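Written out below as structure tokens is the structure these notes cover.
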Amino acid sequence: MKYLGIDYGDAKIGLAIADSETGLALPYKIISNKKGDFLLKELRDIIKSEKIETVIVGVPFNLNSKASSQENKVRQFIDFLRKQFWDVEIIPYDERFSTQAAHKLQAGNKDDDIAAMLILQSYLDKLN
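Residues 150 to 277 in my numbering are what the sequence shown lists, from first letter to last.
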């Protein structure tokens with residue numbers, strides 16, 4: 150089974166890929182979140198070409214259990230994905246600490262794919 154991990158951001162979306170054989174998530178790509186049609190085409194192409202069966206989307210749950218505006222945006226994105234990719238399982242997953250960890254692993258502002266990798270790897274680790 151192949152997985153796609155997503156770290157959703159207002160400007161950029163980080164992607165990571167893994168398969169159940171290796172159980173290892175790897176950074177894949179960073180795509181722009183500015184043009185909806187481009188985003189949809191890009192995701193559709195990746196899901197098809199990589200034969201993705203499950204998408205793990207990081208959700209920034211608040212520690213105080215109240216939904217933040219970013220959490221609401223991510224949940225809307227998840228709803229969008231479920232409507233567009235009805236044949237792919239879409240799973241929300243707690244990403245609270247992935248962005249901070251990604252900053253530590255990689256300097257600069259190109260850490261969205263690293264955050265997606267950490268989200269996906271955390272999910273895979275919990276499966277085992």
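All C-beta atoms, glycine included, are put in the ideal place defined by N, C-alpha and C. Bear in mind that the values here come from a model prediction, so they are computed numbers and not experimental data.
Name the two residues that bound the continuous alpha helix (DSSP H) containing residue i.
i, result
"LEU283", "The question about residue 283 has no answer here: the residues shown for the chain are numbered 150 through 277."
"GLY158", "Careful: GLY158 lies outside any alpha helix (DSSP H) and carries neither H nor E."
"GLU244", "No alpha helix (DSSP H) holds GLU244; DSSP gives it neither H nor E."
"LEU189", "185-198"
Start and end of the beta strand (DSSP E) containing residue i?
i, result
"TYR206", "For clarity, residue 206 is Val in the given sequence; the question names Tyr instead. VAL206 -> beta strand (DSSP E) spans 203-208."
"SER181", "175-181"
In terms of alpha-carbon separation, which member of the options lies closest to residue i?
i, options, result
"LEU276", "ASP168, TYR157, PHE210", "ASP168"
"SER214", "ASP194, LEU192, TYR177, ASP243", "ASP243"
"LYS232", "LYS197, ALA160, LYS222, LEU189", "LEU189"
How would you call residue i, buried or exposed, if buried means at least 16 neighbouring beta carbons within 10 angstroms?
i, result
"LEU273", "buried"
"ALA256", "Since pLDDT at ALA256 reaches only 48, below the 50 mark, its modelled position is unreliable, and the value read off the structure follows with that caveat. Exposed is the call here."
"ASP262", "buried"
Per DSSP, which one or two residues make a beta bridge with residue i?
i, result
"ASP168", "LYS151"
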